[in-house]
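Everything on this sheet refers to the single structure shown next.
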Amino acid sequence: MILAVLALSASQAAADQCDTVAARIAAQVGGSVRTRIGPAIKMQHPEAANFSVDCKGATISRVSGSKDDPGSVAGFAQLIARTSSLALGTTEDQAAGVMLSCVRAASRAAGTLKEARASGLKVECFVKGDYVALEVTRP
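Numbers given in my numbering equal positions in the sequence shown, counted from 1, plus 179.
In structure tokens:
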């Protein structure tokens with residue numbers, strides 16, 4: 180029983196630390212934290228329809244988002260690249276480069292999930308019409 184309580188306390192501390200990091204990142208990119216559901220911390224930003232980070236213990240392990248309105252996706256891509264640099268310890272340029280490679284491949288095969296890997300990152304993306312979805316992780 181005591182071990183279970185200690186394990187729960189450690190898990191809650193890691194969750195609190197990840198929540199703190201996610202809130203700091205959201206503020207740095209001009210967004211805000213909406214809610215946490217399990218490992219996913221849902222955030223809000225004007226450049227994204229959906230925007231979240233996932234926690235693995237006390238660290239952020241995934242950045243994802245989608246945009247579904249017409250027009251340029253440059254602001255959305257910059258949001259995901261900047262969040263990835265802050266959360267996953269890469270540069271914004273590295274994240275943007277891998278994302279661009281993935282989006283180009285997905286645009287040529289609209290409606291197909293594509294993947295790109297470089298700079299220690301894995302990007303999965305989906306493009307169909309005005310809808311763009313990106314997921315960035317460190318494999």
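Note that CB positions come from ideal geometry on N, CA and C, so glycine has one too.
This one's a predicted model, so the numbers in the text were calculated from it and none came from an experiment.
Can you grab the Cα-Cα spacing for the pair residue i / residue j, in whole Å?
i      : j      : result
ARG317 : ALA253 : 23 Å
PHE255 : ALA237 : 26 Å
GLY209 : VAL200 : 14 Å
VAL306 : LEU267 : 23 Å
ASP272 : ALA219 : 25 Å
ALA206 : ALA289 : 33 Å
ALA202 : GLU226 : 17 Å
GLY276 : THR214 : 30 Å
SER298 : ALA274 : 8 Å
Could you name the residues of the same chain whose beta carbon sits closer than 6 Å to that of residue i, not counting the 5 residues immediately before and after it, in chain order?
i      : result
LYS293 : CYS281, ALA284, ALA285 and CYS304
CYS234 : CYS197 and PRO218
Along the chain, where does the beta strand (DSSP E) that runs through residue i open and close?
i      : result
GLU226 : Careful: GLU226 lies outside any beta strand (DSSP E) and carries neither H nor E.
ARG261 : Careful: ARG261 lies outside any beta strand (DSSP E), inside the alpha helix (DSSP H) at 253-267.
VAL214 : Looking at the sequence shown, residue 214 is not Val but Thr. THR214 -> beta strand (DSSP E) spans 211-216.
ARG317 : Run containing ARG317: none; DSSP gives neither H nor E here.
THR238 : 238-246
Tell whether a beta-carbon distance below 8 Å holds between residue i and residue j.
i      : j      : result
VAL242 : VAL315 : yes
ALA228 : SER251 : no
LEU300 : ILE204 : no
SER240 : MET222 : no
Take residue i and list the residues in its own chain whose beta-carbon comes closer than 7 Å to its own, dropping the five residues that flank it on each side.
i      : result
ASP309 : ASP247, ASP248 and PRO249
ILE259 : VAL242, GLY244, MET278, LEU313 and VAL315
Runs of beta strand (DSSP E) wholly within the region 275-306 (minimum 3 residues, chain order): 293-297
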